[in-house]
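Novice: Structure incoming, see below.
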Amino acid sequence: MGLLSLGTPLTWEEAKPHADLVRERGIEQLLNIWKKAKSKERDILLWGDEIEYLVVSYDEDSKDARLSLRQAEILKDLAHDEELRKAGGCVPSLQEISQKPGQRVPTFHAEYGRFMLEATPGAPYGGTLRDLLTVEPDMKKRRVIAKQHMTKNETPITMTSFPRLGVPGAFTQPYYPPHGPIARSIFVPDEIINQHIRFPTLTANIRSRRGSKVCINLPVFYDEKTPNPFKDPTVQYDLSDYPEDGDVRNGAAKDGHVYMDAMGFGMGSCCLQITFQAKNISEARTLYDQLCPLGPIMLALSAASPIFKGYLTDIDCRWNIISGAVDDRTEEERGLKPLNENKYVIPKSRYDSVSTYISQDPGYRPEYNDVDIHQNLPLKQKLLDGGMDEPLAKHFAHLFIRDPLVIFSESINNYSVENNDNFEVIPKPKCCEPTI
Numbered sequence: 001m002g003l004l005s006l007g008t009p010l011t012w013e014e015a016k017p018h019a020d021l022v023r024e025r026g027i028e029q030l031l032n033i034w035k036k037a038k039s040k041e042r043d044i045l046l047w048g049d050e051i052e053y054l055v056v057s058y059d060e061d062s063k064d065a066r067l068s069l070r071q072a073e074i075l076k077d078l079a080h081d082e083e084l085r086k087a088g089g090c091v092p093s094l095q096e097i098s099q100k101p102g103q104r105v106p107t108f109h110a111e112y113g114r115f116m117l118e119a120t121p122g123a124p125y126g127g128t129l130r131d132l133l134t135v136e137p138d139m140k141k142r143r144v145i146a147k148q149h150m151t152k153n154e155t156p157i158t159m160t161s162f163p164r165l166g167v168p169g170a171f172t173q174p175y176y177p178p179h180g181p182i183a184r185s186i187f188v189p190d191e192i193i194n195q196h197i198r199f200p201t202l203t204a205n206i207r208s209r210r211g212s213k214v215c216i217n218l219p220v221f222y223d224e225k226t227p228n229p230f231k232d233p234t235v236q237y238d239l240s241d242y243p244e245d246g247d248v249r250n251g252a253a254k255d256g257h258v259y260m261d262a263m264g265f266g267m268g269s270c271c272l273q274i275t276f277q278a279k280n281i282s283e284a285r286t287l288y289d290q291l292c293p294l295g296p297i298m299l300a301l302s303a304a305s306p307i308f309k310g311y312l313t314d315i316d317c318r319w320n321i322i323s324g325a326v327d328d329r330t331e332e333e334r335g336l337k338p339l340n341e342n343k344y345v346i347p348k349s350r351y352d353s354v355s356t357y358i359s360q361d362p363g364y365r366p367e368y369n370d371v372d373i374h375q376n377l378p379l380k381q382k383l384l385d386g387g388m389d390e391p392l393a394k395h396f397a398h399l400f401i402r403d404p405l406v407i408f409s410e411s412i413n414n415y416s417v418e419n420n421d422n423f424e425v426i427p428k429p430k431c432c433e434p435t436i
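Mapping the sequence shown onto full-length UniProt numbering, position 264 (from 1) lands on 264, and the numbers just tick up by one.
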């Protein structure tokens, strides 16, 4: 989960004039981080896992399973648990964490969906056999603690995507109707979104910047009972509450595909993530490059999510869904219209695969970086002038072609190069989830 800052968020129309300033300040903050970190040496590599759970509510009488929207209440119960408090606390967003040496109390965090819960180990792991043998018991411990703070008919499930998210009728507990003013989705209500101001702002600003709702089309899996051609029967073509309701009348929903129209379909899916803290920057860059091919392979092997919106699809991975769910590119940036207001035709979403290798390992060869990518050249020059090497400057200059989507007015008015707030709002690439 990203940094959850507090403040007064700007709408996209309010934020847009500040985009260049935020990028420039973000580069200044990046250089400040770089200069402090480039010479650091630690004793060992540390790492940790992040597990995201779906919180599911069961009704035994009706044999019905729904997504429970009690994330906030569960986190409060965890924070108020006296035994966990004595051990140092376990909810960083609600309490000071001060765990004692030798204790490893798991920590719990909010996520985009109000039906999600994230759990991490209380302390990082090393690379010893003893560390590796503690991983599975720690995962089991987290599940037990989480379950103890849920109602008797709720349970944390490590399932990538809830198969009935977005189906007609009730799939959440409590039920809310879809088509709210933030996501404006035909299928999911705004009430599934975490109430921290960052999340509804991000949802609305992606839609506003794009000029339409996000558009996700997954090929349906054809079996002997599937209509051919398949037309998603859940799509409502006659709605006219918002301008974006016209998306489906303009061809957003493809024949032969399951159509989804909201950030919640992607950011409402769960995963296992791994975060590494390398010994030094050189090791981190090498590890980053090695994970670029390994991440997608491991993700494909999981084959964890074949069902979306109640339909069996011809894919079994969440990657394209989460990528499409945050695709804020305009029609010009998607190559559908000639460039006029925008600078670049961008081939992929802001949440997508890695575009450049960054290591300085002897095994690295320049021809590996043979992808022609857009770069923010003035900001790249600032990085080079600040002492950053060409491969890393190219990497960040490519990231900084994107606009910041969530800007707090406080970060504009109270700028400090010692903070990371402007740097944090620029999207970072994903190696299909391993995080450095």
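Positions of the beta carbon are idealized from the N, C-alpha and C atoms, including for glycine.
(1) For L218, which residues does DSSP report across the bridge?
(2) Within 10 Å of its beta-carbon, does N103 have 16 or more other beta-carbons around it, so buried, or fewer, so exposed?
(3) Is it right to say E433 is buried, meaning 16 or more other beta carbons lie within 10 angstroms of its own, or is it exposed?
(4) Which residue marks the beginning of the alpha helix (DSSP H) containing T286, and which one marks its end?
(5) Which residues does DSSP list as the beta-bridge partners of V55?
(6) For the alpha helix (DSSP H) that contains D138, what are its first and last residues?
(7) Given this structure, state the Cα-to-Cα distance separating Y364 from E73, to the nearest angstrom.
(8) Return helix, strand or coil for I407, following the three-state DSSP convention.
(9) Report the option in C292, I412, L165 and E52 whose CA atom is closest to the CA atom of F369.
(10) With contact counted as at least three CB pairs below 8 Å, one residue from each stretch, are the segment 308-328 and the segment 256-270 in contact?
(11) Which parts of the segment 360-407 are runs of the beta strand (DSSP E), unbroken and 3 residues or longer, counting only runs that do not cross its ends?
(12) Between the alpha carbons of S409 and H109, how many angstroms are there, rounded?
(13) Identify the continuous beta strand (DSSP E) that holds D64 and give its terminal residues.
(14) What would DSSP say about E332, mapped onto helix, strand or coil?
(15) Less than 8 Å between C-beta atoms, sequence neighbours within five positions excluded: which residues of the same chain meet that for K35?
(16) Mind checking whether D190 and Y176 have CB atoms under 9 Å apart?
(17) Enumerate in chain order the residues of its own chain whose CB-to-CB distance from N205 is below 8 Å, with the five nearest sequence positions on each side excluded.
(18) Which residue comes first and which comes last in the alpha helix (DSSP H) that contains E83?
(19) Taking T201 as part of the alpha helix (DSSP H), name the residues at either end of that continuous run.
(20) Hey, is R209 close to the ligand NAP, as in C-beta under 8 Å from one of its heavy atoms?
(21) Could you say if the segment 348-355 and the segment 194-205 meet the contact criterion of at least three C-beta pairs nearer than 8 Å?
(22) So, with DSSP's three-state summary, where would you put Q71?
(23) Locate the alpha helix (DSSP H) running through F423, then write down its first and last residues.
(24) Look up L117 in the DSSP assignment and give the residues it is bridged to.
(25) Tell me the rounded alpha-carbon separation between L399 and I426.
(26) For the alpha helix (DSSP H) that contains L30, what are its first and last residues?
(27) By DSSP, does residue 439 sit in helix, in strand, or in coil?
(28) Under DSSP, the beta strand (DSSP E) around I274 begins and ends at which residues?
(29) Rounded to a whole number of angstroms, what is the C-alpha to C-alpha distance between A65 and V56?
(30) Using only CA atoms, which one of P137, A79, S93 and G127 lies nearest to W47?
(31) Using three-state DSSP, classify G324 as helix, strand or coil.
(32) Could you check whether the segment 351-360 touches the segment 288-305, counting it as contact only if at least three pairs of C-beta atoms, one from each stretch, sit closer than 8 Å?
(33) Looking only at C-alpha atoms, which of P391, K382, Q381 and L384 sits nearest to V371?
(34) Just list the residues that DSSP pairs I193 with in beta bridges.
(35) Check whether the segment 77-95 touches the segment 107-125, counting contact only when three or more Cβ pairs, one atom from each stretch, lie closer than 8 Å.
(36) Rounded to the nearest angstrom, what separates Q195 and R114 at their Cα positions?
Specialist: Based on what the coordinates show:
(1) Along the sequence shown, one-based indexing puts residue 218 at 218. Bridge partners of L218: V258.
(2) Counted from its first residue, the sequence shown places residue 103 at position 103. Rather than Asn, the amino acid found at residue 103 in this sequence is Gln. Under this definition Q103 is an exposed residue.
(3) Here the question's residue 433 lines up with position 433 in the sequence shown. Note that E433 scores a pLDDT of 39, beneath 50, so its modelled location is shaky and nothing firm can be said.
(4) Numbered from 1 along the sequence shown, position 286 holds the residue referred to as residue 286. Where T286 is concerned, the enclosing alpha helix (DSSP H) stretches over I281 to S302.
(5) By one-based count along the sequence shown, residue 55 stands at place 55. In the DSSP output, where bridge partners are listed per residue, V55 has P156.
(6) Within the sequence shown, residue 138 is the residue found at index 138, counting from 1. Taken as a continuous stretch (DSSP letters only), the alpha helix (DSSP H) holding D138 covers L129 to Q148.
(7) Within the sequence shown, residue 364 is the residue found at index 364, counting from 1. Within the sequence shown, residue 73 is the residue found at index 73, counting from 1. Each residue's Cα considered, the two are about 49 Å apart.
(8) Numbered from 1 along the sequence shown, position 407 holds the residue referred to as residue 407. Note: I407 maps to coil in three-state DSSP.
(9) On the sequence shown, residue 369 is found 369 positions in, with the first residue counted as 1. In the sequence as displayed, the identity of residue 369 is Asn instead of Phe. Ranking C292, I412, L165 and E52 by Cα distance to N369 puts C292 first.
(10) Verdict: yes, contact present.
(11) Within the segment 360-407, no beta strand (DSSP E) run of at least 3 residues lies entirely inside it.
(12) Position 409 of the sequence shown, counted from the start, is the residue given in the question as residue 409. Position 109 of the sequence shown, counted from the start, is the residue given in the question as residue 109. Spanning the two alpha carbons is a distance of roughly 25 Å.
(13) Here residue 64 refers to the residue found at position 64 of the sequence shown. D64 to S68 is the span of the beta strand (DSSP E), which, as asked, contains D64.
(14) The residue labelled residue 332 in the question sits at position 332 within the sequence shown. Correct three-state label for E332: coil.
(15) Your numbering for residue 35 matches position 35 in the sequence shown. Cβ neighbours of K35 beyond the five flanking positions: G386 and G387.
(16) As a working mapping, residue 190 is identified with position 190 in the sequence shown. As a working mapping, residue 176 is identified with position 176 in the sequence shown. Yes, Cβ-Cβ distance for D190 and Y176 is below 9 Å.
(17) As a first step, residue 205 must be located in the sequence shown, where it is residue number 205. So the qualifying residues of the chain are T11, W12, A15, D328, L405 and V406.
(18) Position 83 of the sequence shown, counted from the first residue, corresponds to residue 83. Per DSSP, E83 belongs to the alpha helix (DSSP H) from E82 to K86.
(19) In the sequence shown, residue 201 corresponds to position 201, counting from 1. Counting along the chain, the alpha helix (DSSP H) containing T201 begins and ends at R198 to R210.
(20) For the structure depicted, the ligand NAP is absent and the ligand set is empty, with no information on it obtainable.
(21) no
(22) The residue given as residue 71 occupies position 71 in the sequence shown. Looking at Q71 - three-state DSSP - the assignment turns out to be helix.
(23) What you label residue 423 is simply residue 423 of the sequence shown in a count that begins at 1. Looking at the DSSP string, the run of the alpha helix (DSSP H) that includes F423 is D421 to E424.
(24) In the sequence shown, the residue the question calls residue 117 occupies position 117. Y53.
(25) Within the sequence shown, numbered from 1, the residue matching residue 399 stands at position 399. Within the sequence shown, numbered from 1, the residue matching residue 426 stands at position 426. If you take the alpha carbons of L399 and I426, they lie about 7 Å apart.
(26) Working through the sequence shown from its first residue, we reach residue 30 at position 30. Unbroken alpha helix (DSSP H) run through L30: A19 to A37.
(27) Coverage of the chain is limited to positions 1 through 436, which leaves residue 439 absent and any answer about it impossible.
(28) Numbered from 1 along the sequence shown, position 274 holds the residue referred to as residue 274. Its beta strand (DSSP E) spans residues L272 to Q277.
(29) The sequence position of residue 65 within the sequence shown is 65, counting from 1. The sequence position of residue 56 within the sequence shown is 56, counting from 1. Rounded to whole angstroms, the gap between the alpha carbons of A65 and V56 is 7 Å.
(30) Taking the first residue of the sequence shown as 1, we reach residue 47 at position 47. Answer by Cα proximity: G127.
(31) In the sequence shown, the residue the question calls residue 324 occupies position 324. In this structure, G324 counts as helix in the three-state DSSP scheme.
(32) yes
(33) Counting from 1 along the sequence shown, the entry for residue 371 is found at position 371. Closest by alpha carbon: P391.
(34) The sequence position of residue 193 within the sequence shown is 193, counting from 1. G113, per the DSSP bridge assignment.
(35) yes
(36) On the sequence shown, position 195 is the one that residue 195 refers to. On the sequence shown, position 114 is the one that residue 114 refers to. Cα-Cα distance, rounded: 8 Å.
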